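**Student:**
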């Protein structure tokens with residue numbers, strides 16, 4: 193599976209024009225980075241390279257989490273915590289960071 197398309201992002205945000213495309217793509221980039229940081233993994237569109245032992249291909253659930261984040265940021269446009277649902281969707285794929293003593 194791949195990242196959400198601009199058409200899917202428009203539908204998520206109930207947008208009928210292309211006027212906000214750059215904004216939506218910026219939010220998508222931030223959502224992908226946020227998800228990767230939370231998961232402690234690199235997100236890949238279709239397949240994970242053999243040399244990326246912590247990588248993960250985008251699944252339908254990860255895609256939904258990205259769309260949730262984009263929709264949230266589009267609707268609020270202010271500094272607020274991302275919805276807990278984002279983390280709940282991603283939780284099954286998370287690699288917990290190792291703590292150094």
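In the numbering used here, the protein residues as written are 193 to 293.
Just so it is clear, CB atoms sit at the ideal spot from N, CA and C, and this is done for glycine as well.
Bear in mind the structure is a predicted one, so any value in this text is a computation, not a measurement.
Using the C-alpha atoms, what's the distance from residue 204 back to residue 270?
**Tutor:** For residue 270 and residue 204, the distance between alpha carbons rounds to 18 angstroms.
**Student:** The ligand PLP heavy atoms versus the CB of residue 258: any closer than 7 angstroms?
**Tutor:** The model depicted lacks the ligand PLP and carries no ligand whatsoever.
**Student:** Please say whether residue 262 and residue 249 have beta carbons closer to each other than 8 angstroms?
**Tutor:** No.
**Student:** Would the segment 195–204 and the segment 249–258 be scored as touching if the rule is three or more Cβ pairs under 8 angstroms?
**Tutor:** The answer is yes - the segment 249–258 touches the segment 195–204, with three or more Cβ pairs under 8 angstroms.
**Student:** Taking just the CA atoms, how far does residue 278 sit from residue 244?
**Tutor:** Approximately 24 angstroms between the Cα atoms of the pair.
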